[in-house]
Structure formats: structure tokens, C-alpha cells
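Under our numbering, the first residue of the sequence shown carries the number 79, and numbering increases by one thereafter. We treat Cβ as the ideally placed atom computed from N, Cα and C, and that holds for glycine. In this text, all values refer to a predicted model and were calculated from it rather than measured experimentally. Let me begin by presenting the structure, written as C-alpha cells, before commenting on it.
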Amino acid sequence: MVKIGVLGLQGAVREHVQAIEACGEEAIIIKSKDQLDEIDGLILPGGESTTMRRLIDQYDFMDKLKHLGELEKPMFGTCAGLILLAKKINGYDETHLGLMDVVVERNSFGRQKESFEADLAILGVADHFNAVFIRAPHILEVGENVEILAKHNGRIVAARDRHILGCSFHPELTDDHSLTQYFINMVKEKINK
Ligand code: GLN
């Protein structure tokens with residue numbers, strides 16, 4: 079069994095815990111930075127990236143999160159979590175963790191489409207994946223080591239940068255745990271290296 083942390087500062091935390099457990103693995107909600115030492119991989123959930131960033135600073139998580147990046151611990155950012163991981167956020171000077179070689183745009187699916195579902199083909203994961211988008215970002219540009227895993231209407235909505243996975247949508251909100259399982263497989267590959 080691998081131990082997957084879910085950053086528990088804000089957002090859709092419990093749903094990720096349930097998805098990890100449904101895949102037969104151990105989940106821990108990360109409430110203090112020292113818990114980051116115990117995990118094999120980390121999920122950064124959806125929610126509000128600016129709020130999460132404020133809490134990351136308030137509870138002094140930044141150095142430890144960046145250190146996890148140096149250790150090449152697998153990380154999976156969903157929606158706001160993807161924004162936290164991105165190397166650049168279009169239209170903003172500041173980035174957050176800056177660990178994933180992608181440029182993201184926030185709230186990129188327009189006002190009328192605050193939330194919607196779409197059937198996606200995700201490379202190496204599923205031919206049909208019911209993806210829930212909520213005020214979702216998308217990936218504008220990817221670096222050379224980044225593999226594009228899914229697009230919606232021509233926009234990149236899931237990608238992998240070596241040990242880092244990111245998606246625009248909320249895979250934890252449905253019963254299809256195939257993307258969570260894909261991340262768990264990344265964690266297992268890393269342990270067995
Ligand atoms: N719009 C949010 C942000 O910019 C992300 C929304 C989400 O995580 N569902 O952080």
C-alpha cells in the first residue's frame with residue numbers, strides 16, 4: 079500500500095481521500111507541514127488557488143512543498159491544484175509552487191459555463207471519462223517534457239510533466255477513479271525505481 083497525502087488546507091479534500099481509499103491505498107489529510115515527510119505522493123485539490131496560497135504561506139508550507147518537488151515526489155494537482163503547480167499563470171506576475179512546466183489560464187471556460195461536464199478521452203487512462211469542470215483553468219502551453227493527456231474543445235485539460243500530473247477538472251467528484259489510479263501507479267513506479 080502507498081500513502082498518499084491530500085493537502086488539507088482548503089477545497090475538495092475528503093472526496094480525494096475517498097477516491098484514494100476506493101483504489102485500495104492509504105490517504106492522509108495534510109494539515110501540518112511535518113506530515114509531508116510521511117507520504118509517497120501528494121494531491122493538491124481543487125478549491126480556490128489564491129486562498130490555498132494564502133494558507134500555504136500562513137502555515138509555512140512553501141519550503142517543504144518545494145522540497146518535495148526537489149525529491150521528485152509524485153504530485154497531482156486538480157483544478158486549483160494545477161494552478162498551484164504551474165510554472166506560469168497567464169496574466170499574473172506571481173506563481174505559486176512553479177513545479178510543473180506549463181502555462182495555465184484561470185477561469186478559462188467563461189461565465190456562462192461556470193461548471194459543466196464533458197466526456198474526455200484521457201491518454202493511458204480512459205477512452206471515456208466524465209469530467210466535472212468548475213470555474214476551471216486550462217493549460218495554454220506545455221514545456222518539452224510534458225505529455226498532453228487530454229483536450230476539451232482543443233484546449234489542454236490534462237497533462238503530465240514526468241512525476242507531476244495536472245488536470246483542469248475534478249476527477250474526485252465522480253465514481254470513476256481511473257485517473258486517481260493512474261496517479262497511484264505513478265507513485266508506485268517512483269517507489270520501485
Ligand atoms: N477558479 C479557481 C482558481 O482559480 C479554481 C476552481 C476549482 O478549483 N474548481 O483557483
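For residue 254 and residue 211, believed in contact at Cβ under 8 Å, the rounded distance: Residue 211 to residue 254, Cβ: 15 Å. No contact.
Same chain, Cβ closer than 7 Å to residue 226, neighbours up to 5 away in sequence not counted: 220, 234 and 237
Same chain only: Cβ atoms within 6 Å of residue 122, ignoring 5 sequence neighbours per side: 85, 155, 159 and 162
C-alpha distance - residue 169 paired with residue 128, whole-angstrom precision: 14 Å
At least 3 beta-carbon pairs within less than 8 Å: the region 242 to 254 vs the region 88 to 99: yes
Continuous beta strand (DSSP E) assignments of at least 3 residues falling wholly in the region 81 to 167: 81 to 85, 104 to 108, 119 to 122, 153 to 156 and 164 to 167
Ligand 1 heavy atom lying under 7 Å from the CB of residue 168: no
Every unbroken alpha helix (DSSP H) inside the region 184 to 213 [4 residues or more]: none
Reduced DSSP category for residue 227 - H, G, I as helix; E, B as strand; rest coil: strand
Spatial neighbours of residue 203 in its chain, beta-carbon cut-off 6 Å, leaving aside the 5 residues before and after: 256, 257 and 260
Which residues DSSP lists as bridging residue 221, in chain order: Answer by DSSP bridge pairing: none, since residue 221 is not bridged.
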